[in-house]
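Protein chains in written order, with UniProt numbering: chain A, 1 to 306; chain B, 1 to 657.
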């Protein structure tokens, strides 16, 4: 029995982003697991729409930051200005103080700016001028990234990629979906009219519920065996970190919750494993990210035994 | 073990550089492998190996990279030249082992990748084997075993770099234990070769300490401090009391004034006496002494296998005893011997060099006159005189001059058993009674651990025999007159307190020695003593009479296959030590696999259920439910044993149509 709220949300989302049910589901799982999402794809396949849509469906404050090579950290975090009326310095919060942020084309900005956002993502707070300001809850970043081989990009280093729980690719829509898209109404105006189907409080409840899900000993064993397989494999430059392992487990919980189960199955882990490991593993030798086939080989090398 | 064996492509893992941990294990392996070799390698090779290993340890300590290739190359060429010059050749055991030892150390210096470790471990295995060309004793075998365990652990370090030391050693012990049955099969069945496999070491038959063929003052007392084992005896019944434990060696009749030598004796296939009295069966395990006398207990029974008999009542082997050997012997201690002795022998037993030891000679004449030429009375008189002469039994007798017996009896009065026996025999001969010196061993102690009687070099002894008409040769032990304790309780009891302390040993050390010698004895008897004859006997008892190579090879492969099967079965059982839930799930999967729906090893139960439902629409619901239920019980919480039982029943009842 699928989760009631989640089903409602995915139902509404699939009306606007056509033929991308699995990607929508993954994005929602990432949101429920309190992780941040990285969407890597060519421009124009609906990355921005997806971010916008989630903000609309849950009724979250939404901010979009377009990353450019001259973007400064203060443009994201906010600046301290002198307030003449009160004769005092006042912090003017930047766009990061929102519930859902779309960091568009994050790899166009300089590493310094990138890390300002990524630190805020990790800490869920911003420290300026000695004072610490918490970011709102829920706090969810969807970053989009052009494929790294495009010109004028600063690829995110591995340590920064680790801050994103899941990475998904949208890809071109299937034939029927694309025909429906072309025939139908403008997505933007559809978005404008879209009402929230769940409240932020309901989202928080789902996040809490996901954390309560049962993870049995055999499943822990399985996750550990997967991690260890990535470390022992000769294909990758380095294996998955324990943090990646924790991420894998929390994403699997969210995935199980979406399925309406109260416990996590190996299938949940297998479903999200390529999205958790894809941007964290690099091939040994050259620095390319691990291709899906290599991730499938890892999954197939670990038996679900006694 | 299953884990260690099953890790796929294990070794290839650290492609770049070796961890410190792996290098440490390898270093320890090399050190332990080379330690037993050190006494047999030339000093410069040992020093070079130590220097190279030390260098390796230093680099490891400082975390440095391997030295330059060129440097290692130069060292290799230098070592090869050294071997060529030092040995004069490359081929043969000694240059080969030396070269391998140096190469192992050099290999350690250049280990960078997993393959290097494997090569080095292989080299170490070979060196661990080659030590047995030199030494096959228990301690060396134990050292080699430890080195093998470390070598296995070094290999394990490649597979799982993060295992704890204890876990790694446990796994390598387990691996070695799995090899044990195969080792036993090969040990029992592989055709045995007598003697060293690799040609004869140059000094194999060099002199070893033990009884000499002649006796002069001091020749036996020099053995007194040697705790080396001369031989061991295992008695079928109770061993004889200490006073009867006379192990006969050379019988010395010829005396030239200083040295006693054996007279010529004839050797026959049967003894020259009729045995009588009770029989004692025992097994004698002789340490090699390069002589052919067997040191049998007086007096050897007739018809012993592989034994010949001399006319002076010794038991002899066909060839000198050059390896530790076992003999099945028997003795009749109460036999009377030499009732009809030839005139030649008796003449030799009366002969004395002219003018030798005049004072003793005069004393003997006087005693004989007092006794009225009756041999028995003379014997009693001489014994009485020696008992009253206040002679001291000592390991450190003073040096004596030409007339040694005179000086001992009248001046120094301090001597060891050779002085006592020589003096006694001289007195008897001078009084006209045939007498001769018998050397051999007397006494021995029972090892309480395994019950064998251990006779050491320090039990070497000289006593005497006198010939009395109508009685034959009678044993007389003059040492017992001065030091009765020597005969009943061993050497240290016979000595004065100051000297006995030198031989004394604390109880714990003595008991430790008993244990150690018992272990050594077992090793010698069961491992090293397994020679071609014993292999033949054992195989005959197993029903393999006169086996040829083909039969043995077949037997070995059958035994190896059976063992392999057993090991597999054991591994299988290890794996199947699982819960009832798993058992019925496995049987469910097996049932479906028979219908062409094999679960992939990585396939989760829910996915499997979906696939099954798709493949068998007729039973879709039931199949899917079983899978879902299994997944819920295994990965969910709050499943009761009732749930498991009902799932088991569903799986048992499932009939695939």
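Backbone N, C-alpha and C fix where the C-beta goes; we use that ideal spot for every residue, glycine too.
What is the C-beta distance between residue i and residue j, in whole angstroms, given that I count them as a contact (C-beta under 8 Å)?
i                      : j                      : result
residue 258 of chain B : residue 222 of chain B : That belief does not hold up - the Cβ atoms of residue 258 of chain B and residue 222 of chain B are roughly 16 Å apart, past 8 Å.
residue 251 of chain A : residue 35 of chain A  : 7 Å
residue 154 of chain A : residue 107 of chain A : 6 Å
residue 612 of chain B : residue 624 of chain B : 7 Å
residue 67 of chain A  : residue 128 of chain A : Incorrect: roughly 20 Å between the Cβ atoms, too far for contact.
residue 184 of chain B : residue 249 of chain B : Not confirmed; about 39 Å, so no contact.
residue 603 of chain B : residue 304 of chain A : 7 Å
Considering Cα atoms alone, identify which of the options is closest to residue i.
i                      : options                       : result
residue 103 of chain B : B:89, B:91 and B:120          : B:120
residue 389 of chain B : B:372, B:379, B:408 and B:377 : B:408
residue 187 of chain A : A:81, A:13 and A:241          : A:13
residue 463 of chain B : B:49, B:220 and B:91          : B:220
residue 260 of chain B : B:597, B:580, B:55 and B:437  : B:437
residue 308 of chain A : A:259, A:54, A:174 and A:228  : Look at the range of chain A in this structure, 1 to 306, and you will see that residue 308 of chain A is not part of it.
residue 189 of chain A : A:22, A:5, A:49 and A:7       : A:49
residue 504 of chain B : B:307, B:527 and B:224        : B:224
residue 435 of chain B : B:481, B:346 and B:361        : B:346
residue 5 of chain A   : A:191, A:207 and A:97         : A:207
residue 401 of chain B : B:271, B:100 and B:419        : B:419
residue 332 of chain B : B:371, B:287 and B:277        : B:277
residue 410 of chain B : B:362, B:373, B:368 and B:443 : B:362
residue 261 of chain A : A:163, A:211 and A:31         : A:211
residue 104 of chain A : A:298, A:62, A:299 and A:292  : A:62
residue 234 of chain B : B:25, B:286, B:375 and B:487  : B:286
residue 228 of chain B : B:431, B:513, B:318 and B:25  : B:513
residue 567 of chain B : B:521, B:178, B:148 and B:544 : B:178
residue 33 of chain A  : A:265, A:158 and A:138        : A:138
residue 46 of chain A  : A:102, A:201, A:281 and A:58  : A:102
residue 280 of chain A : A:223, A:231, A:158 and A:255 : A:158
residue 84 of chain B  : B:98, B:181, B:74 and B:72    : B:98
Measure the C-alpha to C-alpha separation of residue i and residue j and round it to an integer number of angstroms.
i                      : j                      : result
residue 273 of chain A : residue 117 of chain A : 25 Å
residue 644 of chain B : residue 64 of chain A  : 53 Å
residue 78 of chain B  : residue 109 of chain B : 16 Å
residue 198 of chain B : residue 36 of chain B  : Interpretation of residue 198 of chain B is limited by its pLDDT of 44, a score under 50 that renders its predicted location unreliable; no figure is taken from the coordinates.
residue 95 of chain B  : residue 86 of chain B  : 9 Å
residue 255 of chain B : residue 405 of chain B : 12 Å
residue 461 of chain B : residue 490 of chain B : 11 Å
residue 134 of chain A : residue 76 of chain A  : 15 Å
residue 298 of chain B : residue 245 of chain B : 8 Å
residue 258 of chain A : residue 557 of chain B : 59 Å
residue 664 of chain B : residue 290 of chain B : The structure shown has nothing for residue 664 of chain B, since chain B only spans 1 to 657.
residue 8 of chain B   : residue 302 of chain A : Confidence at residue 8 of chain B is low in this model, with a pLDDT of 37, below 50, so the placement of that residue is unreliable and no value is reported for it.
residue 10 of chain B  : residue 237 of chain A : With a pLDDT of only 37 at residue 10 of chain B, under the threshold of 50, the placement of this residue in the model should not be trusted, and no figure is reported.
residue 125 of chain A : residue 20 of chain B  : 41 Å
residue 268 of chain A : residue 597 of chain B : 22 Å
residue 587 of chain B : residue 564 of chain B : 25 Å
residue 82 of chain A  : residue 88 of chain A  : 6 Å
residue 228 of chain A : residue 220 of chain A : 12 Å
residue 113 of chain A : residue 143 of chain A : 13 Å
residue 431 of chain B : residue 242 of chain B : 31 Å
residue 125 of chain B : residue 31 of chain B  : 13 Å
residue 291 of chain A : residue 299 of chain A : 13 Å
residue 318 of chain B : residue 506 of chain B : 41 Å
residue 120 of chain A : residue 136 of chain A : 11 Å
Flag residue i as yes if its beta-carbon sits less than 8 Å from any beta-carbon of chain D, otherwise no.
i                      : result
residue 257 of chain A : Annotation note: the requested chain D is absent from the structure, which comprises protein chains A and B.
Check your understanding: Do three or more CB pairs link the segment 12 to 31 of chain A to the segment 179 to 196 of chain A at distances below 8 Å?
Key -> For the pair of segments examined, the segment 12 to 31 of chain A was found to touch the segment 179 to 196 of chain A: the number of CB pairs separated by less than 8 Å reaches three.
Review point. Along the chain, which unbroken stretches of the beta strand (DSSP E) at least 3 residues long are found entirely within the segment 219 to 279 of chain B?
Key: Segments of the beta strand (DSSP E) lying fully in the segment 219 to 279 of chain B: 229 to 235, 246 to 255 and 260 to 262.
Check your understanding: Does the count of Cβ pairs from the segment 119 to 139 of chain B and the segment 51 to 69 of chain B closer than 8 Å reach three?
Key -> Segments in contact, no.
Point to revise | Cβ contact check for the segment 509 to 527 of chain B and the segment 436 to 453 of chain B: 3 or more pairs under 8 Å | key: Yes, the segment 509 to 527 of chain B touches the segment 436 to 453 of chain B.
Point to revise | Any 3 or more C-beta pairs closer than 8 Å across the segment 161 to 171 of chain A and the segment 37 to 45 of chain A | key: Touching, per the Cβ criterion.
Practice item. Take every Cβ of the segment 23 to 42 of chain B, pair it with every Cβ of the segment 134 to 152 of chain B, and state whether three or more of those distances are shorter than 8 Å. Key: Segments in contact, yes.
Review point. If you scan the UniProt domain "AAA+ ATPase" (33 to 174) of chain A from start to end, which runs of the beta strand (DSSP E) of 3 or more residues do you find wholly inside it?
Key: Runs of the beta strand (DSSP E) inside the UniProt domain "AAA+ ATPase" (33 to 174) of chain A: 37 to 40, 62 to 66, 78 to 83, 88 to 93, 100 to 104, 125 to 128, 131 to 134, 140 to 145 and 166 to 168.
Point to revise | Whole runs of the alpha helix (DSSP H) within the segment 604 to 641 of chain B, excluding any shorter than 4 residues | key: Counting only runs of 4 or more, we get 605 to 615 and 620 to 635.
Check your understanding: Using 8 Å as the threshold, is the segment 348 to 358 of chain B in touch with the segment 312 to 325 of chain B, meaning 3 or more CB pairs across them?
Key -> As far as the Cβ criterion goes, the segment 348 to 358 of chain B does not touch the segment 312 to 325 of chain B, which means the pair count is below three.
Check your understanding: In chain order, which continuous runs of the beta strand (DSSP E) of length 3 or greater are located wholly inside the segment 276 to 322 of chain B?
Key -> Inside the segment 276 to 322 of chain B, DSSP marks whole beta strand (DSSP E) runs of 3 or more residues at positions 280 to 286 and 308 to 310, from first to last along the chain.
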